[in-house]
Amino acid sequence: MASDNDAWRMMNLAFTLNTSRRPVTTEEIVSDSDLGYGSANKDSDKRKFRRDRAALAERGIHVREIRPLGAKNSDQSSWTIDDNSTYADTLDAADTDALLAALDDQMARTDLPYRGSLPALRTKVAMATGRLNQVADGATESESIQTPSNSAVLDAVWGAYLLRRGLLFAYRDGSGIETKRTVFIYGIFTRNGLCYFVGMDDVAQDIRTFRTDRVARAYQPKPKDVYEIPDSFHLDEYLFLPFDLAMGDDIDATFSFPATTNAEEIRSLGCERGTLERDAGGFWRWSVHVRDLDAAAAFALSHARRGMRCLEPPALVDSWNRIIKEVVECHAGE
């Protein structure tokens with residue numbers, strides 16, 4: 003019988019491989035202490051990994067090896083969950099029909115943030131049970147490109163949120179830099195077809211917003227990482243703007259609008275964020291925290307027809323001028 007540590011390690015391995023957006027290498031697995039390996043004895047960790055794969059297979063979860071051409075052993079291999087053979091024989095016809103019907107009902111709802119992950123799940127069920135020709139009503143071509151890893155990541159995020167457990171995950175920011183962090187999720191929302199989650203980030207020691215499609219892989223939530231959502235938290239305060247997602251510190255930025263602009267139009271544009279007041283000349287001044295000055299300048303330019311302009315800090319104005327110069331130079335030769 004597996005010990006508690008062995009059981010936790012196997013469950014975490016299956017969870018992480020299932021949520022990873024790419025096959026995970028042997029080196030990454032046996033070096034990862036959060037997975038339950040990463041000891042000073044790498045050979046011992048490799049043996050544990052081999053035993054864990056066998057134990058998972060006995061329970062219906064099959065880990066597939068991807069070995070590079072010419073590789074002599076598994077040290078250079080990568081690993082992923084074998085979707086075709088994992089739990090392939092656990093559903094009978096009645097179970098399958100009931101599950102597909104339930105998925106179809108959920109996919110018909112447009113108010114669900116996790117709706118985009120359902121077509122991939124439905125396709126997997128249909129493939130495993132020989133019902134791939136049963137097309138779901140309301141499924142669209144754009145939904146069909148949702149990958150299994152997207153679905154698994156959304157499952158991990160929602161699971162951690164509903165259970166109020168901290169979610170440990172590897173996150174790749176807009177610059178391609180990958181960091182590992184634990185977030186206590188306070189809320190989830192969608193914007194422009196993407197899903198985001200907001201919560202207390204242990205790296206920043208502050209509330210941050212993350213995109214689910216940038217989660218490289220997630221780990222099984224730990225029972226001890228229990229939390230409560232503060233009464234002071236309101237999700238509408240964190241509905242982001244394009245300049246919110248950088249990992250830097252907040253920067254005070256100010257934009258101007260013509261005096262004739264309707265105040266409600268500006269508030270709507272800024273998601274009710276920041277402060278809005280008139281200056282001595284009657285122009286509107288909108289002050290708000292930003293984290294990415296280039297994105298803030300680009301945001302202002304996208305609303306330049308409304309008279310939106312950058313005022314402060316000088317670096318924001320510099321970004322505004324640079325972007326305009328680049329656009330002019332790009333079209334100069336046309």
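When we follow the numbering used here, the leftmost residue of the sequence shown carries the number 3, and every step to the right adds one. Beta carbons are placed, not taken as given, at the ideal position from N, Cα and C, and that holds for glycine.
Just confirm the distance between the C-beta atoms of residue i and residue j, as a whole number of angstroms; I'd bet it's less than 8 Å.
i, j, result
"Gly168", "Thr184", "5 Å"
"Ala300", "Ile325", "6 Å"
"Phe212", "Phe199", "6 Å"
"Arg307", "Phe257", "Arg307 to Phe257, Cβ: 14 Å. No contact."
"Gly38", "Asn7", "7 Å"
"Trp2", "Leu303", "The requested residue 2 is not part of the displayed model; the chain covers only 3 to 336."
Per DSSP, which residues does residue i bridge with? Please list them.
i, result
"Glu30", "Glu30 is not bridged to any residue."
"Ile83", "Val65"
"Trp10", "The partner list for Trp10 (beta bridge, DSSP) is empty, contrary to what the question assumes."
"Val292", "Ile253"
"Leu169", "Val185"
"Tyr39", "Paired residues: none, contrary to the question."
"Arg174", "Glu180"
"Cys197", "Thr192"
"Arg311", "Ser258"
"Ala220", "Phe171"
"Val211", "Correcting the residue identity first, residue 211 is Thr in this sequence and not Val. In DSSP, Thr211 forms a bridge with Val200."
"Val228", "Arg167"
"Glu279", "Arg287"
Can you tell me whether residue i is buried or exposed? The criterion is at least 16 other CB atoms within 10 Å of its CB, across all chains shown.
i, result
"Ala138", "With a pLDDT of 44 at Ala138, under the threshold of 50, the modelled position of this residue cannot be trusted, and the question is left open."
"Ala103", "exposed"
"Gly276", "buried"
"Ser22", "buried"
"Pro316", "exposed"
"Val205", "exposed"
"Thr262", "exposed"
"Lys50", "buried"
"Asp34", "buried"
"Ala158", "buried"
"Asn360", "Only positions 3 to 336 of the chain appear in this structure, which leaves residue 360 out of reach."
"Asn264", "exposed"
"Ile147", "Note that Ile147 scores 32 on pLDDT, short of 50, meaning its location in the model is unreliable and no value can be drawn from it."
"Ala172", "buried"
"Ile63", "buried"
"Thr181", "exposed"
"Tyr270", "Strictly speaking, residue 270 in this sequence is Ser, with Tyr absent from that position. Burial call: exposed."
"Leu134", "Low confidence applies to Leu134: its pLDDT is 45, below 50, so where it sits in the model is not reliable enough to give any reading."
"Arg61", "exposed"
"Ser153", "buried"
"Gly140", "Low local confidence applies: a pLDDT of 41 at Gly140 is under 50, so the model's placement there is unreliable, and no value is given."
"Asp47", "buried"
"Ala96", "exposed"
"Ala73", "exposed"
"Ala255", "buried"
"Asp107", "exposed"
"Asp233", "exposed"
Closest by CA to residue i, which one among the options?
i, options, result
"Asp227", "Leu170, Ser79 and Thr28", "Leu170"
"Gly201", "Ile231, Arg61 and Ala218", "Ile231"
"Val155", "Cys312, Ala9 and Arg24", "Arg24"
"Thr18", "Asn7, Val65, Ser41 and Asp47", "Val65"
"Asp337", "Leu196, Asp6, Gly309 and Ala218", "The shown model of the chain, from 3 to 336, leaves out residue 337, and the question about it has no answer."
"Asp246", "Lys44, Ala298 and Asp77", "Ala298"
"His236", "Gln108, Asp251 and Tyr188", "Tyr188"
"Asp281", "Pro260, Glu266 and Arg49", "Pro260"
"Trp81", "Ser234, Glu29, Arg216 and Leu196", "Glu29"
"Asn43", "Thr181, Arg53, Val32 and Leu37", "Val32"
"Val26", "Gly178, Glu67 and Lys182", "Glu67"
"Arg193", "Gly178, Asp215 and Thr181", "Asp215"
"Arg53", "Gln78, Ala96, Ala9 and Leu71", "Ala9"
"Asp296", "Glu279, Gln108, Glu314 and Leu318", "Leu318"
"Asp84", "Ser46, Asn20 and Ile253", "Asn20"
"Gly309", "Gly40, Glu267, Asp233 and Tyr163", "Glu267"
"Leu165", "Ala110, Asp203 and Tyr229", "Tyr229"
"Ile209", "Asp99, Cys197 and Phe186", "Phe186"
"Asp45", "Ser234, Asp77 and Gly178", "Asp77"
"Glu314", "Ile253, Ser79 and Ala110", "Ile253"
Below 7 Å, is the gap between the Cβ of residue i and the nearest heavy atom of the ligand SAM?
i, result
"Ala96", "Within the structure as shown, the ligand SAM is missing, as the structure has no ligands at all."
* Asked: For the stretch 320 to 333 against the stretch 281 to 290, are there 3 or more C-beta pairs whose distance is under 8 Å?
  -> Under the 8 Å Cβ criterion, the stretch 320 to 333 does not count as touching the stretch 281 to 290, having fewer than three qualifying pairs.
* Asked: So does the stretch 4 to 20 actually touch the stretch 214 to 222, counting three or more Cβ pairs closer than 8 Å?
  -> Verdict: yes, contact present.
* Asked: Between the stretch 53 to 63 and the stretch 235 to 242, do three or more beta carbon pairs fall short of 8 Å?
  -> no
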